[in-house]
Amino acid sequence: MGFNDFDTVALDEEKNALAIIDQTLLPGEMKMLYLTTQKEIWDAIYLLQVRGAPAIGVAAGIGIYLAAREIKTDDYDEFLAEFEKAKDYLDSSRPTAVNLSWALKRQEQVVLSMKGAPVPEIVEALHQEAIKIRLEDIAVCKSIGEYGLTLVKPGDGLLTHCNAGRLCAVKYGTATAPMYLGHERGYNFKIFSDETRPLLQGARLTCFELHEAGMDVTLLCDNMSATAMRNGWVQAVFVGCDRVAANGDAANKIGTSMVALAAKRYGVPFYICAPTSTIDMNTPTGKDIRIEQRKPEEVTEMWYEKRMAPEGIKVFNPAFDVTDADLITGIVTEYGIARAPYKEAFEDIFRKKAENPIF
Ligand code: MRU
12 MGFNDFDTVA
22 LDEEKNALAI
32 IDQTLLPGEM
42 KMLYLTTQKE
52 IWDAIYLLQV
62 RGAPAIGVAA
72 GIGIYLAARE
82 IKTDDYDEFL
92 AEFEKAKDYL
102 DSSRPTAVNL
112 SWALKRQEQV
122 VLSMKGAPVP
132 EIVEALHQEA
142 IKIRLEDIAV
152 CKSIGEYGLT
162 LVKPGDGLLT
172 HCNAGRLCAV
182 KYGTATAPMY
192 LGHERGYNFK
202 IFSDETRPLL
212 QGARLTCFEL
222 HEAGMDVTLL
232 CDNMSATAMR
242 NGWVQAVFVG
252 CDRVAANGDA
262 ANKIGTSMVA
272 LAAKRYGVPF
282 YICAPTSTID
292 MNTPTGKDIR
302 IEQRKPEEVT
312 EMWYEKRMAP
322 EGIKVFNPAF
332 DVTDADLITG
342 IVTEYGIARA
352 PYKEAFEDIF
362 RKKAENPIF
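Below, the structure is given as structure tokens:
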């Protein structure tokens, strides 16, 4: 059994477990993990065994259902108190991707809306909602892909940063959804994937999954994307996103804003692909987004045979940066493409979602 036989994140009904591909081992080793306890699920998110905003959301939706199954009481108030504890614990695993708290709040709504109902019925409702969150992700990413595909033409060069691919979601990914759909339809894109220091999600994950899918992919070091654009190789940039603020500022993997700046300089359209679950209207601007800081060893030691920086050197290692809204050509959602002014565009997108949900 190989990579294409497994989903990135799923509920294993027989094992009553969260089933994930361990992304820290790719591309060298394809290993599934079956996680049952809150601690195992928290660790998997924190350690990036499951990563990428939509996949983290789906994992949390399933994880909180599994945690609720273990709450041993028939009393609604006691159940709610234990549920809230588990929710806050899972929510503390990573701070930037809003999909984590989005999925947990969605499950919390299930519990609150069934106030006083028998606990087994509530647990079953959480089960159904977890399944729905996961299936919805597939439909949402496919729709993002369809909208994204309207922005490009066969033979185009498309650049991406980090992994907003199948490995960041259940299927299709977000930034890679137009690539997968175009590939199915014979578009013959030329994909450029930034390696994405320090954790190499671009080299290890994006190159791996797109190459497995049979696409034409070229790996770039992070300092090469401006050259690729200057050479005229790139007709559009598609990247994913961890949180979009109400004004259109978008947090994504560190290095994304540099790509956006280069794209502006060379007249290459720069698109953020984001499900509506990643748009956070409660966060006014990019300044209000909490950026995760990670350990220095990821920069000084990881991947090297021996340490490549002097002992005691200061290290700045933010996992994400914010791309200013004015550098973004459009934000591709499952309900259409939002363009500046973003606040109004998002209101329109959310109106469409309320009137005619795709799932
Ligand atoms: O630290 P990671 O690997 O979870 O960071 C992932 C990214 O920055 C992705 O680009 C983002 O989550 C979008 S995935 C649709």
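Residues in the sequence shown are numbered consecutively from 12, following the numbering used here.
We treat Cβ as the ideally placed atom computed from N, Cα and C, and that holds for glycine.
- In the three-state DSSP reduction, residue 213 falls in the helix class (H, G or I).
- Taking every protein chain shown into account, the CB of residue 240 has 16 or more other CB atoms within 10 angstroms, so this residue is buried.
- Taken atom to atom, the span from the alpha-carbon of residue 219 to that of residue 137 is near 34 Å.
- Burial is judged here by how many other beta carbons sit within 10 angstroms of a residue's own beta carbon; residue 321 has fewer than 16 and is exposed.
- Assignment of residue 341 by DSSP, reduced to helix, strand and coil, places it in the strand class.
- With the rule of 3 Cβ pairs closer than 8 Å, the segment 258–267 counts as touching the segment 338–358.
- Fewer than three Cβ pairs drawn from the segment 303–312 and the segment 231–246 lie within less than 8 Å of each other, which leaves the two stretches out of contact.
- Contact annotation: the segment 62–71 touches the segment 113–132, with at least three C-beta pairs closer than 8 Å.
- Annotated three-state conformation of residue 233 is helix, per DSSP.
- Going by C-alpha positions, residue 61 is about 14 Å away from residue 217.
- Residue 211 has its CB no nearer than 7 Å to any heavy atom of the ligand MRU.
- The C-alpha of residue 90 is placed about 52 Å away from the C-alpha of residue 275.
- In the three-state reduction of the DSSP assignment, residue 43 falls in the strand class, which pools E and B.
- Taking residue 288 as reference, the option from 31, 152, 268, 76 with the minimal CA-CA separation is 152.
- In terms of CA proximity to residue 65, 253 leads the group 253, 197, 299.
- Relative to the ligand MRU, the beta carbon of residue 328 is positioned no closer than 7 Å to any heavy atom.
- Sequence-distant Cβ neighbours of residue 182 in its own chain, meaning closer than 6 Å and more than five residues away, are 149.
- Counting along the chain, the unbroken alpha helix (DSSP H) around residue 218 starts and ends at 218–223.
- Checking the DSSP bridge columns, you'll see residue 334 partnered with 261.
- A residue is called buried once 16 or more other Cβ atoms fall within 10 Å of its Cβ, and residue 191 is buried on that count.
- Residue 176 is positioned such that its CB atom lies closer than 8 Å to that of residue 187.
- In this structure, the ligand MRU has no non-hydrogen atom nearer than 7 Å to the beta-carbon of residue 156.
- Not a single heavy atom of the ligand MRU lies less than 7 Å from the C-beta of residue 48.
- Judged by beta-carbon spacing, residue 179 lies beyond the 8 Å limit of residue 266, meaning their Cβ atoms are not closer than that value.
- Taken in chain order, the complete alpha helix (DSSP H) segments of 4 residues or longer contained in the segment 266–353 are 267–276, 308–311.
- By the Cβ-count criterion, residue 154 is buried, with 16 or more other Cβ atoms from all chains shown falling within 10 Å of its own Cβ.
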